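S.K.:
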Amino acid sequence: MKKIYLLLIFVGLICLSFTSGIQAQSNTSERQERTTKQSIQGLRVFISPANKDILYITSDLQLTKTVKIFNVLGKQVDYEVLTGRELHIGDLPSGVYILKITEGENKTTVKFIKP
Numbered sequence: 001m002k003k004i005y006l007l008l009i010f011v012g013l014i015c016l017s018f019t020s021g022i023q024a025q026s027n028t029s030e031r032q033e034r035t036t037k038q039s040i041q042g043l044r045v046f047i048s049p050a051n052k053d054i055l056y057i058t059s060d061l062q063l064t065k066t067v068k069i070f071n072v073l074g075k076q077v078d079y080e081v082l083t084g085r086e087l088h089i090g091d092l093p094s095g096v097y098i099l100k101i102t103e104g105e106n107k108t109t110v111k112f113i114k115p
């Protein structure tokens with residue numbers, strides 16, 4: 001039993017010595033790119049209380065929006081170009097989804113739950 005504990009301690013020390021030289025580096029240009037893009041002003045996303053198959057997407061500017069819908073696994077399940085404010089989601093099964101909305105140069109990511 002002592003040999004097993006000594007072996008585990010030895011392996012742990014070896015692993016620590018290999019990982020002690022690893023350092024994380026941040027990509028500052030990527031971080032700056034994320035912070036320079038503005039979110040969409042006055043964005044509101046909500047499901048119609050009367051009809052659970054319609055998602056309303058509105059904003060202050062009311063420009064044409066591109067909407068990508070992803071499931072929680074990251075798979076794109078829908079892509080729409082909205083000129084109005086209604087997005088029909090009747091084809092989607094109940095669950096959690098992520099919307100990536102683009103309006104002009106502005107982008108926003110929103111999570112929503114379809115009942």
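Residues in the sequence shown are numbered consecutively from 1, following UniProt numbering. We put the CB at the ideal spot given by N, CA and C, even for glycine. Since this is a predicted model, take the numbers as computed values, not measurements.
Mind checking which residues open and close the beta strand (DSSP E) that includes residue 76?
M.R.: Within the sequence shown, residue 76 is the residue found at index 76, counting from 1. That run of the beta strand (DSSP E) goes 76–82.
S.K.: For residue 88, I'd like the list of residues in its chain whose CB is within less than 7 Å of its CB, leaving aside the five on either flank, ordered along the chain.
M.R.: Residue numbering aside, residue 88 sits at position 88 when the sequence shown is read from its first letter. Correct list, in chain order: 53 and 54.
S.K.: Within 10 Å of its beta-carbon, does residue 21 have 16 or more other beta-carbons around it, so buried, or fewer, so exposed?
M.R.: What you label residue 21 is simply residue 21 of the sequence shown in a count that begins at 1. For residue 21, the predicted model reports a pLDDT of 46, less than 50, meaning its position is unreliable; a value from the coordinates is still stated below. The residue in question, residue 21, is exposed, as its Cβ has fewer than 16 Cβ neighbours within 10 Å.
S.K.: Helix, strand or coil: which one does DSSP assign to residue 4?
M.R.: Locating residue 4 in the sequence shown gives position 4, where the first residue counts as 1. Residue state, collapsed to three classes: helix.
S.K.: Rounded to whole angstroms, what is the Cα-Cα separation between residue 56 and residue 83?
M.R.: If you number the sequence shown from 1, residue 56 lands on position 56. If you number the sequence shown from 1, residue 83 lands on position 83. Those two C-alpha atoms are separated by around 12 Å.
S.K.: Would you call residue 99 buried or exposed, if buried means 16 or more other Cβ atoms sit within 10 Å of its Cβ?
M.R.: For this step, residue 99 is matched to residue 99 along the sequence shown. Answer is buried; the Cβ neighbour count reaches 16.
S.K.: Could you check if residue 113 is buried or exposed, using at least 16 other CB atoms within 10 Å of its CB as the buried criterion?
M.R.: Taking the sequence shown and counting its residues from 1, the one referred to as residue 113 is at position 113. Label assigned to residue 113: exposed.
S.K.: In the structure shown, what three-state DSSP assignment does residue 101 receive?
M.R.: Taking the sequence shown and counting its residues from 1, one reaches residue 101 at position 101. Reduced to three states, the DSSP call for residue 101 is strand.
S.K.: What does the Cβ neighbour count give for residue 97, buried or exposed, with the cut at 16 atoms within 10 Å?
M.R.: For the purposes of this step, residue 97 is taken as the residue at position 97 of the sequence shown. Classification for residue 97: buried.
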